[in-house]
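A quick write-up on the structure given underneath.
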Amino acid sequence: MTIKPLPPNVINLIAAGEVIDSLGAVVRELVENSLDAQANQIDIAIFPELWRIQVTDNGTGIREDDLPYAARPHSTSKIHALDDLWQIDSLGFRGEALHSLAQVADLNLATRFSGEIGWKVDYDSQGEMMAKEAIAMATGTRVTVSHLFGNWPVRRSGLPKLSQQLKTLQTLIYHFSLCYPEVTWQIWQNDRLWFSLSPTPQVKGIIPQLIRGVNLSDLQAWQEEITYNHDNLSAYLNLVIGLPDRCHRNRPDWVKIAVNGRMIKCSELEQTLIKGFSRTLPRDRFPVCFLHLKLHPSQIDWNRHPAKSEIYLHSLDFWREKVLEVLEKALRLNPDTLSVKVQNERVTQLLKASENKGKYAISPHTKPEKGLHALNLKAVAQIRHTYIVIEHENGLWLIEQHIAHERVLYENLQDNWQLVPLNFPLILTQLSPQQVERLQQLNLEIEPFGEQLWAVRNAPEMLAKREDCKDALRELSHSGDLQTAQVATACRSAIRNGTPLSLSEMQTLIDQWKNTRHPSTCPHGRPIYLSLEESSLSRFFRRHWVIGKSHGI
Ligand code: ADP
Ligand code: MG
Numbered sequence: 000m001t002i003k004p005l006p007p008n009v010i011n012l013i014a015a016g017e018v019i020d021s022l023g024a025v026v027r028e029l030v031e032n033s034l035d036a037q038a039n040q041i042d043i044a045i046f047p048e049l050w051r052i053q054v055t056d057n058g059t060g061i062r063e064d065d066l067p068y069a070a071r072p073h074s075t076s077k078i079h080a081l082d083d084l085w086q087i088d089s090l091g092f093r094g095e096a097l098h099s100l101a102q103v104a105d106l107n108l109a110t111r112f113s114g115e116i117g118w119k120v121d122y123d124s125q126g127e128m129m130a131k132e133a134i135a136m137a138t139g140t141r142v143t144v145s146h147l148f149g150n151w152p153v154r155r156s157g158l159p160k161l162s163q164q165l166k167t168l169q170t171l172i173y174h175f176s177l178c179y180p181e182v183t184w185q186i187w188q189n190d191r192l193w194f195s196l197s198p199t200p201q202v203k204g205i206i207p208q209l210i211r212g213v214n215l216s217d218l219q220a221w222q223e224e225i226t227y228n229h230d231n232l233s234a235y236l237n238l239v240i241g242l243p244d245r246c247h248r249n250r251p252d253w254v255k256i257a258v259n260g261r262m263i264k265c266s267e268l269e270q271t272l273i274k275g276f277s278r279t280l281p282r283d284r285f286p287v288c289f290l291h292l293k294l295h296p297s298q299i300d301w302n303r304h305p306a307k308s309e310i311y312l313h314s315l316d317f318w319r320e321k322v323l324e325v326l327e328k329a330l331r332l333n334p335d336t337l338s339v340k341v342q343n344e345r346v347t348q349l350l351k352a353s354e355n356k357g358k359y360a361i362s363p364h365t366k367p368e369k370g371l372h373a374l375n376l377k378a379v380a381q382i383r384h385t386y387i388v389i390e391h392e393n394g395l396w397l398i399e400q401h402i403a404h405e406r407v408l409y410e411n412l413q414d415n416w417q418l419v420p421l422n423f424p425l426i427l428t429q430l431s432p433q434q435v436e437r438l439q440q441l442n443l444e445i446e447p448f449g450e451q452l453w454a455v456r457n458a459p460e461m462l463a464k465r466e467d468c469k470d471a472l473r474e475l476s477h478s479g480d481l482q483t484a485q486v487a488t489a490c491r492s493a494i495r496n497g498t499p500l501s502l503s504e505m506q507t508l509i510d511q512w513k514n515t516r517h518p519s520t521c522p523h524g525r526p527i528y529l530s531l532e533e534s535s536l537s538r539f540f541r542r543h544w545v546i547g548k549s550h551g552i
């Protein structure tokens with residue numbers, strides 16, 4: 000569409016008011032134009048001392064024929080007639096921003112529409128095009144606003160402190176990035192990069208860039224298509240929340256709501272969100288959440304406020320209900336929140352906390368020299384026929400049964416390596432001379448028994464009675480030394496994971512294991528147990544929170 004002046008009947012319906020009243024407002028208007036021009040790379044350069052702001056985008060650019068109209072009052076390419084007011088799908092539509100900027104600053108445009116050449120244009124304070132000069136540039140637009148409020152000293156002096164303005168500006172850009180996560184943002188201050196934001200396919204990926212300490216895995220995103228009112232309009236409700244056990248804030252500064260690509264203030268929906276989190280967060284803490292409603296344009300009236308930050312939303316009660324429903328779903332346990340990766344991260348945290356506690360993770364109250372064997376370890380359950388849960392005075396442990404037993408057997412073998420005669424010799428086939436030699440080194444009685452056959456007449460005690468003794472001996476023929484043979488024997492003889500055990504069997508194993516010399520790892524070096532000390536657990540479950548506090552008393 001070309002840029003044209005709006006007819007008077009449309010102008011009369013548009014909320015009038017001061018558009019440009021701060022640095023932030025300049026950036027807001029220019030960025031909105033870049034987004035309306037489909038840009039996905041937006042650079043913002045601020046020179047506060049010069050009162051200059053420059054926004055460069057890779058959007059569609061402006062046609063040469065449109066340049067004379069761009070900064071005229073009420074001139075826009077986005078709507079043209081009254082009916083269009085109910086179909087607004089762009090951020091701008093009033094055709095006022097460039098005109099207002101021309102009034103309060105020096106306005107310069109450099110732009111190139113695809114298929115045309117680039118143009119550099121200056122406007123006078125009425126928004127009339129002055130000089131026009133051909134330039135070489137890529138498709139897109141660069142708007143430079145200089146000497147902002149130069150002729151309006153009262154406005155300048157009425158502005159908040161620069162640091163405050165910059166903070167507002169940063170928040171503004173954060174908000175844009177939440178609404179347009181596919182855009183690459185670079186923000187410069189006096190020619191130095193201030194901050195940048197990387198594009199992500201989903202808004203979930205933006206939040207960790209904006210809040211320190213929040214990871215992707217702390218967030219849950221939920222999208223739902225909703226059909227509403229009699230016209231069967233369809234809308235999308237996008238919600239990203241910080242999981243309440245992992246992120247919350249001391250202020251409600253991260254309860255954010257956007258409608259059709261624009262962050263808005265809507266205290267009714269904010270309250271709905273906060274209420275939806277109630278009883279999931281500690282007292283006086285607030286959730287992290289971003290709700291983006293994508294509605295049919297006819298359902299929104301943007302003309303409540305000149306900055307368009309407040310809107311009239313049709314069927315508010317309906318939306319409050321839907322928001323609660325979607326929030327309920329996002330808060331439930333689901334495969335994302337339970338993903339192995341996420342849980343691993345949590346266990347890692349827990350492990351770190353436990354591992355810091357030294358060798359056996361015994362609390363300071365237990366004298367280390369008393370050692371593991373002095374602890375009263377009680378087997379209380381078996382999990383997945385693999386892990387034994389042990390309760391003790393300082394917390395709980397998980398033991399992997401196979402490797403704990405392997406440790407027990409290995410030390411046993413080290414102490415009592417005994418060969419016992421076999422009732423019937425075992426016949427092994429296909430042994431290489433080296434294998435025969437190795438078995439002899441282990442003091443096994445082995446002799447030829449015919450073509451490619453050998454008879455073995457004794458075996459390690461632990462293996463002698465096993466049905467798979469033959470396989471075990473073959474395995475031993477590969478191990479060069481006694482130690483390796485003992486490890487192999489222990490491993491083969493140890494209780495397999497997946498074997499059900501009775502409580503007393505578990506207790507026997509634990510009692511044997513706690514008396515081993517090296518209980519922390521199996522002979523292959525794998526850790527045998529995970530200690531979850533009571534102090535780590537109570538920290539994890541936030542037991543230090545005063546009960547009265549968490550009950551909201
Ligand atoms: P509005 O955005 O309400 O239409 P503006 O005064 O902000 O009014 O802009 C006037 C017109 O200038 C827009 O309608 C658009 O056609 C054009 N324009 C402004 N900025 C850009 C830009 N960055 N890229 C492409 N076109 C632009
Ligand atoms: Mg605009």
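Here numbering that gives the first Met the number 0 is used: the first residue of the sequence shown is 0, the next is one more, and so on.
Positions of the beta carbon are idealized from the N, C-alpha and C atoms, including for glycine.
Please read these numbers as outputs of a predicted model, since none were measured by experiment.
Asked, Found
"So residue 84 and residue 9 are in contact, right, with Cβ under 8 Å, and what is the actual spacing, rounded?", "7 Å"
"Is any heavy atom in ligand 1 found nearer than 7 Å to the beta carbon of residue 584?", "Lying before the first or after the last residue shown, residue 584 is absent from the chain, which here runs from 0 to 552."
"Look up residue 477 in the DSSP assignment and say whether it is helix, strand or coil.", "coil"
"Please tell me whether, using a cut-off of 7 Å, the distance from the CB of residue 69 to the nearest non-hydrogen atom of ligand 1 is below it.", "yes"
"Quick one: give me the first and last residue of the beta strand (DSSP E) that residue 92 is part of.", "Run containing residue 92: none; DSSP gives neither H nor E here."
"If we ignore side chains and look at the alpha-carbon of each, how far apart do residue 196 and residue 496 end up?", "48 Å"
"Within 10 angstroms of its Cβ, does residue 134 collect 16 or more other Cβ (buried), or is it exposed?", "exposed"
"Between which two residues does the alpha helix (DSSP H) carrying residue 225 extend?", "Per DSSP, residue 225 belongs to no alpha helix (DSSP H); it is in the beta strand (DSSP E), 218-227."
"Measuring alpha carbon to alpha carbon, tell me which residue in 440, 527, 155, 465 is nearest residue 422.", "465"
"Report the rounded CA-to-CA distance for residue 230 versus residue 130, giving the unit in angstroms.", "50 Å"
"Using 7 Å as the cut-off, classify the Cβ of residue 28 as near or not near the heavy atoms of ligand 2, replying yes or no.", "yes"
"Closest to residue 146 by CA distance: which of 139, 166, 101 is it?", "101"
"With respect to the alpha helix (DSSP H) encompassing residue 316, which residues constitute its N-terminal and C-terminal limits?", "315-330"
"Output the boundary residues of the beta strand (DSSP E) element that contains residue 54.", "51-56"
"Please tell me whether residue 41 and residue 25 are closer than 8 Å, where the distance is taken between their beta carbons.", "no"
"Identify every residue that forms a DSSP beta bridge with residue 398.", "387, 528"
"How about residue 172: is its Cβ closer than 7 Å to a heavy atom in ligand 1?", "no"
"How many whole angstroms separate the CB atoms of residue 79 and residue 93, which I take to be in contact at a CB cut-off of 8 Å?", "At roughly 13 Å, the Cβ-Cβ gap does not stay under 8 Å, so residue 79 and residue 93 are not in contact."
"Compute every distance between the C-beta of residue 260 and the non-hydrogen atoms of ligand 1, then say whether any falls below 7 Å.", "no"
"Find out if the Cβ-Cβ distance for the pair residue 248, residue 278 is shorter than 8 Å.", "no"
"Buried or exposed: which applies to residue 27, given that a residue is buried once 16 or more other Cβ atoms fall within 10 Å of its Cβ?", "buried"
"Enumerated in chain order, which unbroken segments of the beta strand (DSSP E) with a length of 3 residues or greater are wholly contained in the stretch 229-316?", "232-241, 254-258, 261-263, 288-293"
"Evaluate contact between the stretch 403-410 and the stretch 479-493, counting only Cβ atoms and requiring at least three cross-stretch pairs below 8 Å.", "yes"
"Classify residue 512 as helix, strand or coil using the three-state DSSP reduction.", "helix"
"Nearest by alpha-carbon distance to residue 429: which of 86, 49, 473 is it?", "473"
"In angstroms, rounded to a whole number, what distance separates the CA positions of residue 209 and residue 173?", "7 Å"
"Is the stretch 425-439 close to the stretch 383-400, with three or more CB pairs under 8 Å?", "no"
"Would DSSP call residue 22 helix, strand or coil?", "helix"
"Given 8 Å as the limit, is there contact between the stretch 106-117 and the stretch 310-330, that is, 3 or more CB pairs closer than that?", "no"
"May I have the straight-line CA-CA distance separating residue 257 from residue 137, to the nearest angstrom?", "32 Å"
"Out of 164, 12, 504, which has the shortest C-alpha to C-alpha gap to residue 48?", "164"
"Can you have a look at residue 382 and say buried or exposed, based on whether 16 or more other CB atoms are within 10 angstroms of its CB?", "exposed"
"Using CA atoms only, rank isn't needed, just tell me which of 273, 116, 291, 206 is closest to residue 223.", "291"
"Terminal residues of the continuous alpha helix (DSSP H) containing residue 533?", "533-539"
"What does the Cβ neighbour count give for residue 535, buried or exposed, with the cut at 16 atoms within 10 Å?", "buried"
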